[in-house]
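FYI, our numbering numbers position 184 of the sequence shown as 294, with every residue one higher than the one before it. Cβ atoms here follow ideal geometry from the backbone N, Cα and C, with glycine treated the same way. No experiment lies behind these values; they were computed from the predicted model shown. First the structure, in the form of structure tokens, and then the observations on it.
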Amino acid sequence: ISTSDPGFFAKLAAQQSPEYLWIGCSDSRVPANQIVDLLPGEIFVHRNVANMVVHTDFNCLTVLQYAVDVLKVKHVIVVGHYGCGGVRAAYENADNGLIDNWLRNIKDVLHRSRARINALADESARLNLLCELNVVAQVANVCHTTIAQNAWQRGQKLTVHGWVYSLEDGLLKDLDCSVDSVEQIPEVYRVSP
111 ISTSDPGFFA KLAAQQSPEY LWIGCSDSRV PANQIVDLLP GEIFVHRNVA
161 NMVVHTDFNC LTVLQYAVDV LKVKHVIVVG HYGCGGVRAA YENADNGLID
211 NWLRNIKDVL HRSRARINAL ADESARLNLL CELNVVAQVA NVCHTTIAQN
261 AWQRGQKLTV HGWVYSLEDG LLKDLDCSVD SVEQIPEVYR VSP
């Protein structure tokens, strides 16, 4: 890197001011910077199995708070991917040990959407839909945090997006579930200022 761009590391060390927080899957085939063609320092990244945002996961919540409150990111992007092993494990209902506790949130999504998912004849299509529905659920989970809501209430520009990445062709699909204000979330999840 320093051969093609001699000042790269000096610039990188000087500052971190990303506009984006990527919450994605730990899958090694889903590298955030390469997918969105951004350099180090331009996107803040958090990864876990199946791109989950769980209200008891202090690791994820700490990343979210740091990104929103300190780095002042303008976009939080929850990115799932087709062919996700975590989603498949939740769908197949096998005993996978400790990870089954982590995947329970995906099972909740599956339970709520069982009729819609089962209406698809092909298992691959059912798994793809579950990947998408999981992303939509995690976008909602970001929006239900006091972190996002406090940012909106103080007038900070913040949009939460949901995308799915295709390993087969490298394309990103926008799931059209973006949220940029507290008024867009159900009242039961809103926190009073």
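DSSP, reduced to helix, strand and coil, places asparagine 203 outside both helices and strands of the structure shown, so it counts as coil. Straight-line measurement puts the Cα of serine 114 at about 42 Å from the Cα of serine 291. For glycine 280, the CB contacts under 8 Å within the same chain, skipping 5 residues up- and downstream, are Ile145 in chain order. DSSP links lysine 267 through a beta bridge to no other residue.
CA-to-CA, the gap between proline 141 and cysteine 170 works out to about 18 Å.
In the three-state scheme derived from DSSP, where H, G and I count as helix and E and B as strand, glycine 280 is classed as coil. By the criterion of a C-beta distance shorter than 7 Å, leucine 243 is surrounded in its chain by Val219 and Ser223, once the five residues flanking it on both sides are discounted. One alpha carbon belongs to asparagine 158, the other to serine 302, and they sit about 30 Å apart. Of the other Cβ atoms in all chains shown, 16 or more fall within 10 Å of the Cβ of tyrosine 130; this residue is therefore buried. Under the DSSP assignment, valine 186 falls in the beta strand (DSSP E) whose first and last residues are 185-191. In this structure, the alpha-carbon of valine 186 lies about 30 Å from that of asparagine 203. Taking the Cα of leucine 268 as reference, the smallest distance to any Cα among Asn238, Glu297 and Val178 is reached at Val178. Nearest to glutamate 278 by alpha-carbon distance, out of Val173, Asn238 and Val252, is Asn238. Between cysteine 135 and cysteine 194, the C-beta gap is smaller than 7 Å, which places the two residues in contact. In the DSSP annotation of this structure, isoleucine 209 is not part of any beta strand (DSSP E); the continuous alpha helix (DSSP H) holding it starts and ends at 209-222.
Apart from the 5 residues on each side of it in sequence, alanine 258 sits with its Cβ closer than 6 Å to the Cβ of Val252 in its chain, given in chain order. In this structure, the CA atom of glycine 272 is about 24 Å from the CA atom of aspartate 210. Contact annotation, alanine 199 with leucine 208: C-beta distance approximately 12 Å; criterion of less than 8 Å not satisfied.
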